[in-house]
Amino acid sequence: MDEFDEFSLITKLDQQKLTHLLVSIPGTKELFVESNLLRPLDKICSMKILRSLNCQRVQQLYLDKTNIWDEQIEQRIFFIRPSIAISRKICELIRSEPEKPYSIIHVGSLKNFFLKELEKNGLGNVVNFYEFNLTLINLESDLFSLELPQYPPEMFNRYFEELIKTFWQLQTLYGQIQTIFGFGDFFPIFDKLFKRICNELGEPTFSSSQFISHLFIFDRRLDLFSTLLTGLTYESILNDMFNYNCGKISFGEPVNSKLFSSQNSSKEEFPQKSFFPLNNSDLIFSSIRNSHMTKVFPFLREKYKSLQSGFAKVSTIQKVDEMKIFVSNEFDSLRDQQKQFEIHICACEYIIEKTQGLNEQLSIENTILRGEFKHLNVFNFLLKMITLKYNQWSILQLASIWCLRANGIPEKYFYQFQEVFLHRYGFDQLLILYQLSINGLLYKNNTSFSPLFKARNPFSKRLTNKSDKQLAPINLPTKNEMRGQLSESLNSIINGLQLIPQNDEEQQKRRINKLKENNLEDFSDNKNTTNNLGLGYVFSNTYIPLISSIIDRIVTMGWDENYLKKVIGEDLVFCTNPNAKAPDNRIRRALLVCFVGGVTFAEIASLRCFAQNCDFRLIILTTHIINRERSFKSYAGFSD
40 MDEFDEFSLI
50 TKLDQQKLTH
60 LLVSIPGTKE
70 LFVESNLLRP
80 LDKICSMKIL
90 RSLNCQRVQQ
100 LYLDKTNIWD
110 EQIEQRIFFI
120 RPSIAISRKI
130 CELIRSEPEK
140 PYSIIHVGSL
150 KNFFLKELEK
160 NGLGNVVNFY
170 EFNLTLINLE
180 SDLFSLELPQ
190 YPPEMFNRYF
200 EELIKTFWQL
210 QTLYGQIQTI
220 FGFGDFFPIF
230 DKLFKRICNE
240 LGEPTFSSSQ
250 FISHLFIFDR
260 RLDLFSTLLT
270 GLTYESILND
280 MFNYNCGKIS
290 FGEPVNSKLF
300 SSQNSSKEEF
310 PQKSFFPLNN
320 SDLIFSSIRN
330 SHMTKVFPFL
340 REKYKSLQSG
350 FAKVSTIQKV
360 DEMKIFVSNE
370 FDSLRDQQKQ
380 FEIHICACEY
390 IIEKTQGLNE
400 QLSIENTILR
410 GEFKHLNVFN
420 FLLKMITLKY
430 NQWSILQLAS
440 IWCLRANGIP
450 EKYFYQFQEV
460 FLHRYGFDQL
470 LILYQLSING
480 LLYKNNTSFS
490 PLFKARNPFS
500 KRLTNKSDKQ
510 LAPINLPTKN
520 EMRGQLSESL
530 NSIINGLQLI
540 PQNDEEQQKR
550 RINKLKENNL
560 EDFSDNKNTT
570 NNLGLGYVFS
580 NTYIPLISSI
590 IDRIVTMGWD
600 ENYLKKVIGE
610 DLVFCTNPNA
620 KAPDNRIRRA
630 LLVCFVGGVT
640 FAEIASLRCF
650 AQNCDFRLII
660 LTTHIINRER
670 SFKSYAGFSD
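Here the sequence shown stands for residues 40 to 679, numbered as in our numbering.
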């Protein structure tokens, strides 16, 4: 495979575009940046580059605090994504000093509501507008993100515009991707919009140097379980528990205080908002990021012994020359690893403190997914969580897993749960329960869904006729047809693609049988089942992420469109080249997996596991990284 340049051409192009925009604005500049764009901006243009472009100050644009301008700087520039809250804040700031020159660099297209807000305040002609399309942010050598916000379900189509522009740019620079698999009802619209852009801007041409053989575009809404279940890899837990943003993490006061005491440092050295990079430059993190938490502590224990023995060499050194060699070759590396080690030890200690009693919750999740649960047992555990005042979102997530797997919660338990939950957490939570209901995550069995539910979930066209078990015509559903529709679709996928893992031996036998049936050979270098992790290890072998199972199936069995349409849905499976050969690791080209609506670190770890087991180069592209709680809140009516 040609050497992968980590899409550096796209990054350089973004940098050139932003440089051109800033150069076109004369005079000294002060840049006020939306909080969610601070780190992406830093990835594109460092502070050193911005200063060379006459940007003398760069500050965060606060919506709830006072923003202080430097009166000596000539130009005031906002770097934002259009939103109602930001438009109102900008109007407020401009009205306070209307005589100053203002410019707005908006990421993505300018929305009508944004312009109307400015016009309402008489500022439509006061501001200069510049459009900037933020494409790929490099989070890791195999992970790229658009760093878009977590949009609520009804705004899912807002992901399309920037993603389509990114695909066009990627294929224009690197060559057309010949085979594209689409999973989700959005794909026909997505494909139509992409062709429209190609007609306007030019069709990407095929290149023999294109290092991507197949592209998988995946609708996040097809696999809700992966966003609801507790991911148990180290990186997944860090993301869910701490403030992760664009490849860096802030552990906050609890972990920082442990670091102060372990390193005898002052709080000035470790401020509360310290951010640490999460990437492979941290050797300890790179070794444990995809590991199940049960494997993390033994590794750290061995690493501690290794570091101690490394530092112990000093006591055995007798000669000055040997000491100089040790200091120049080993000491700095050992010291850096010790700092990294202390950070991860303190983070793990905090994780242990915060996850007391998690084993029982994981056990309940396991029994629900395997279909071995009793409704009364799940209900009693939820009551216990409410009584002990667990985080309300953890309770609702578990209730949603129960609901989806059971095709709705039995009526008597549903009303009792609702009553106890509202009494404990307040009756203002009723709106949250309603939002979860209309989005198909929390409802009693035999619920009749509204057309609003149909508009918000990708399975809305997959209506099951109860009498003959065949797919019904695609018309506006009746009440009876909509009952339990989302749950039935998810459960049929679980059963059809065997997403509940068997034991390792059975999995390996099934894999070998698949290969033999299709006259394929296992070309992976590592065929030892003791070394090959199962793809569901990220959820303690309770559940295999849907996208991992789909890719594994296509690689081992080839493209079987009829079967996938039968299992997933007639209107949810697409391929631009049905006669294409299955991905083959012998041609040494990469697979590009794109998530529309975000990806969890548990899914990322599972895909990396697949790539390692099957000896594939795999690249992941996503609209954003999912935080479990934030993602769930978007279904409850909250948004970034």
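C-beta: ideal position from N, C-alpha, C; glycine also.
Alpha carbon to alpha carbon, how far is V335 from Q509? Give it in angstroms, no decimals.
-> Any reading at Q509 must be qualified, since the residue scores a pLDDT of 35, below 50, and its modelled position is unreliable; the value itself is stated next. Rounded to whole angstroms, Q509 to V335 spans 48 angstroms at the Cα level.
Go ahead and pull the three-state DSSP assignment for R627.
-> coil
Rounded to a whole number of angstroms, what is the C-alpha to C-alpha distance between E136 and F453?
-> 55 angstroms
Can you tell me which of the three DSSP states R656 falls into?
-> coil
Check G479 in the structure and name its three-state DSSP category.
-> coil
In DSSP terms, what P316 is bridged to = Looking at the DSSP assignment, P316 forms a beta bridge with K287.
Determine the DSSP secondary structure at G221, reduced to helix, strand or coil.
-> Residue state for G221 is assigned as strand, using DSSP reduced to three classes.
Between the CA atoms of Y283 and S345 - distance to the nearest angstrom | 29 angstroms
In this structure, does DSSP put T272 in helix, strand or coil?
-> strand
6 angstroms CB neighbourhood of L271 in its chain, flanking five on each side removed = H331, M332, S579
Buried versus exposed, by CB contacts within 10 Å (16 or more), H59 | exposed
Three-state secondary structure (DSSP) at F634?
-> strand
Go ahead and label K566 buried or exposed: buried means 16 or more other beta carbons lie within 10 angstroms of its beta carbon, across all protein chains shown.
-> Confidence is the limiting factor: at K566 the pLDDT is only 43, short of 50, which leaves the residue's position unreliable and the question unanswerable from this model.
What number of angstroms, rounded off, separates the C-alpha of P188 from the C-alpha of H663?
-> Using only the alpha carbons, I get a separation of about 7 angstroms.
Since H145 is in the beta strand (DSSP E), which residue starts that stretch and which ends it?
-> 141-146
Whole-angstrom Cβ separation of S142 and I125, contact assumed at under 8 angstroms?
-> Not a contact, Cβ separation roughly 15 angstroms.
Closest by CA to E450, which one among F290, F418, Q474?
-> F418
Quick one: what's got a C-beta closer than 6 angstroms to T406's C-beta in the same chain, skipping five residues either side?
-> Residues F412 of the same chain have their beta carbon placed closer than 6 angstroms to that of T406, with the five preceding and five following residues left out of the count.
Answer with buried or exposed for Q474, where buried requires no fewer than 16 other C-beta atoms within 10 angstroms of its C-beta.
-> Q474 is buried by the Cβ-count criterion.
Where S180 sits in the DSSP three-state scheme | In the structure shown, S180 falls within a coil segment according to DSSP collapsed to helix, strand and coil.
Quick one: give me the first and last residue of the alpha helix (DSSP H) that N398 is part of.
-> 397-408
I251 - containing beta strand (DSSP E), residue span = In the DSSP annotation of this structure, the continuous segment of the beta strand (DSSP E) that includes I251 starts and ends at 251-258.
Measuring CA to CA, which of L173, Y273, F380, Y576 is closest to E200?
-> L173
Can you check whether the CB of V146 is closer than 7 angstroms to the CB of R120?
-> yes
Have a look at the DSSP bridge pairing and note the partners of C94.
-> K68
Limits of the alpha helix (DSSP H) - the one that E200 falls within = 199-213
Grab the span of the beta strand (DSSP E) containing Y169 for me, first residue to last.
-> Segment 166-171, the beta strand (DSSP E) holding Y169.
C-alpha gap between P243 and L209, whole angstroms | 9 angstroms
Quick one: Cα of D623 to Cα of V594, how far?
-> 7 angstroms
For T661, does the three-state DSSP call read helix, strand or coil?
-> strand
For A706, is the classification buried or exposed, using 16 other Cβ atoms within 10 angstroms of its Cβ as the cut-off for buried?
-> Because the chain spans 40 through 679 in this model, residue 706 falls outside it and cannot be assessed.
Nearest-angstrom Cα distance between K297 and W598?
-> If I take the Cα positions, the gap works out to 52 angstroms.
Taking the alpha helix (DSSP H) that C237 falls in, what are its first and last residues?
-> Residues 226-240.
Proximity winner among S180, I626, I607, I219, relative to A619 (alpha-carbon distances) = I219
In terms of alpha-carbon separation, which member of Q54, F226, L89 lies closest to I83?
-> Q54
According to DSSP, is P512 helix, strand or coil?
-> With a pLDDT of 31 at P512, under the threshold of 50, the predicted position of this residue should be treated as unreliable, though the coordinate-derived value follows. P512: coil per DSSP, three-state reduction.
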